[in-house]
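To keep things clear, I will list the structure first and then write my remarks on it.
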Amino acid sequence: MRLMETSFHEDRWVGLLLSFIGGAMDSYTYIHYEAFASAQTGNIVLAIIQAFDGAWASVGKKLLSTLFFFLGILLAKFLIDYFQKKQLHFWRLFVLYFETVIFFLVSLSFINHQTSLVTIIIAFTAAIQWVTFDKINGLAYTNLFTTGNLKGVATNLYDYLMTGKKAAQQKFIHFLLVVTFFITGVICSVFLYRLVGAKAILLVSGIFLYLSISQTYLIWRFYRHERYLK
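With numbering that gives the first Met the number 0 as the guide, the letters of the sequence shown map in order to residues 0 to 229.
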């Protein structure tokens, strides 16, 4: 019996919880910092509007967020190429532990109040997450924003209704779950923010910690089982 049928970063629950985190991050950063963690389209539109209003501090914060999101994508692509060449597996675990620490630090008062710093840190970290976790059981998805996933829901629902194909039904359910978890993350983040304020970001750190430990355990079991079979 195999303990892991797919790479852990394509596991369904990993992907759905990362989508939940994506919604929680964006709602938190918009409420607390008036900038998006990952929705750079929104940041660019808001920056242009605020530039016309002369709100240059807000413009700079959003442009920095977009710049560091871009840099995070470049770093993630480098990491993928580097570890593929080194044939090192499960390096994405370190991304999960890294995000656990980052969002715990963001919850600390002396860091949390540094608006521009926190915005770019979260944007940079979110970009790495987006690129390194981009599939669930081989199916592409986006765990940071939901426009593309909504398109997947609609197009695959249409294809299923028109053709009755099981593949279209499976993709429809796949994207519907991702969108549902993203929206749930937004709702939970807003609700928690109303209760505890800036400490609501600990929800994100806590989920990352859970993912880090649980996936480390599953990988350990997998390798232990493989050694036993040998």
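By construction, the Cβ of each residue, glycine as well, lies at the ideal position given by its N, Cα and C atoms. The structure displayed is predicted, hence computed values, not measured ones.
**Prompt:** Can you tell which of 6, 26 and 15 has its C-alpha closest to the C-alpha of residue 142?
**Reply:** Comparing Cα-Cα distances from residue 142 to each of 6, 26 and 15, the minimum goes to 15.
**Prompt:** Which residue from 31, 212 and 69 puts its Cα closest to that of residue 124?
**Reply:** Taking only the C-alpha atoms, the option nearest residue 124 is 69.
**Item:** residue 134 - partner residues in DSSP beta bridges
**Value:** Residue 134 is bridged to 139.
**Request:** Spatial neighbours of residue 41 within its chain, please: CB distance less than 6 Å, with the 5 preceding and 5 following residues excluded, ordered by chain position.
**Result:** Excluding sequence neighbours, residue 41 sits near 35.
**Request:** Give every residue of the same chain whose Cβ lies closer than 8 Å to the Cβ of residue 139, excluding the five residues on either side of it in the sequence, and list them in chain order.
**Result:** Around residue 139: 133.
**Asked** Between which two residues does the alpha helix (DSSP H) containing residue 21 stretch?
**Response** Counted as a single uninterrupted DSSP element, the alpha helix (DSSP H) harbouring residue 21 occupies residues 11-32.
**Request:** Measure from the C-beta of residue 153 to each C-beta in chain B and report whether the shortest distance is under 9 Å.
**Result:** The structure shown contains no chain B; it holds only a single protein chain.
**Request:** Using only alpha-carbon positions, find the residue among 129, 92 and 200 that is nearest to residue 214.
**Result:** Of the listed residues, the one whose Cα sits closest to residue 214 is 92.
**Prompt:** Would the beta-carbon of residue 26 fall within 9 Å of that of residue 192?
**Reply:** Going by C-beta atoms, residue 26 is nearer than 9 Å to residue 192.
**Message:** By the three-class DSSP mapping on this structure, what secondary structure does residue 158 have?
**Reply:** In the structure shown, the three-state DSSP call for residue 158 is helix.
**Item:** Distance, residue 77 Cα to residue 63 Cα
**Value:** Taking the CA atoms as reference points, residue 63 sits about 21 Å from residue 77.
**Asked** If residue 22 sits next to residue 211, beta carbons under 8 Å apart, how far is it from one beta carbon to the other, in whole angstroms?
**Response** Contact annotation, residue 22 with residue 211: C-beta distance approximately 20 Å; criterion of less than 8 Å not satisfied.
**Message:** What does the alpha-carbon distance come out to for the pair residue 39 and residue 84?
**Reply:** Cα atoms of residue 39 and residue 84: separation of roughly 31 Å, rounded to the nearest angstrom.
**Prompt:** CB residue 88 to CB residue 6, shorter than 9 Å?
**Reply:** Yes, the Cβ-Cβ distance between residue 88 and residue 6 is below 9 Å.
**Message:** Taking the alpha carbon of residue 24 as the reference point, which residue from 72, 159, 204 and 51 has its own alpha carbon closest?
**Reply:** Of the candidates 72, 159, 204 and 51, the one whose C-alpha sits nearest the C-alpha of residue 24 is 204.
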